[in-house]
Every structure is written in C-alpha cells, then in structure tokens.
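Read through the structure below, which is laid out as structure tokens, and then see the notes.
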Amino acid sequence: MHLSPTEKDKLLIYTAGKVARERINRGLKLNYPEAVSLISAELLERIRDGFTVAQLMEMGTKILTRDQVMEGIPEMIEEIQVEGTFPDGTKLVTVHHPIRLSGRSEL
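Quick note on numbering: our numbering labels position 84 of the sequence shown as 84, and the sequence is numbered without any gaps.
This is the structure in structure tokens:
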C-alpha cells in the first residue's frame, strides 16, 4: 500500500487520537500532544461526515473540557488547524481556544 505524506499524517493523527480517547475512557488526563491529536482526529472525522467549516469551528470547542486535560494545557493550545476535503474543495478549519469548558465534553 502506498500512502501520500498527507495520508500518512492523517493516519498518524487518527491513531494518536484513538489512543487519547482510550486514555480519557480510563479516566486519565491528556497531555498536549494527546489533546491536539484527539481534537484534530475528531474534526477530520466530522469533515468526512459532511459538516461545514462553521459547524466544525463550533464543535471543536466542545470535544475536550478543562477537566479532561492536565493543568496548563488549555492555555498552551491557542488554536488547532486541520485541512480537509469538502465537497467544494480543500479548506482549512481553525478552532481558536479549543479547550474552554469545565465538566463533561459533548462529543
């Protein structure tokens, strides 16, 4: 199987995101790379589901909460950007301050 560099990157993000999701399910708090990979992987999956850029920007702030990450992580992640293929072309989705809330995440 031959994968392009972009396809390899997306596969790595998906795998790291899956590991991060398993850690949350075990009650562990995520570190910086785990939090970024989980949010990125969720956004990429939602792109495939057909959501718009505006919807994704809103969803991106509800994937993780402050209670699910280590102390200081929300302040370290000012924005997350993922590039995805939409029906009308490739677009960049930017989520500013993705970890905002306390409590349970919505996704």
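Yeah, the Cβ is synthetic: ideal placement off N, Cα and C, and Gly gets one too.
Please report how far the alpha carbon of Pro74 lies from the alpha carbon of Arg100, in whole angstroms. The count along the sequence shown starts at 1 and reaches residue 74 at position 74. The count along the sequence shown starts at 1 and reaches residue 100 at position 100. One C-alpha to the other measures close to 7 Å.
Please report the residue range of the alpha helix (DSSP H) in which Ile47 lies. Numbered from 1 along the sequence shown, position 47 holds the residue referred to as residue 47. In the DSSP assignment, Ile47 falls within the alpha helix (DSSP H) that extends over Tyr32 to Asp49.
Element boundaries [alpha helix (DSSP H), containing Ile80]: Translated into the one-based positions of the sequence shown, residue 80 becomes position 80. Per DSSP, Ile80 lies in no alpha helix (DSSP H); the unbroken beta strand (DSSP E) holding it starts and ends at Glu79 to Phe86.
For Glu58, the nearest candidate out of Ile80, Thr6, Asp67 and Met70 (CA to CA): Taking the first residue of the sequence shown as position 1, residue 58 is located at position 58. Just measuring C-alpha positions, the residue of Ile80, Thr6, Asp67 and Met70 sitting nearest Glu58 is Ile80.
Answer with buried or exposed for Ser40, where buried requires no fewer than 16 other C-beta atoms within 10 angstroms of its C-beta. Start at 1 with the first residue of the sequence shown, and residue 40 comes out as number 40. The residue in question, Ser40, is buried, as its Cβ has 16 or more Cβ neighbours within 10 Å.
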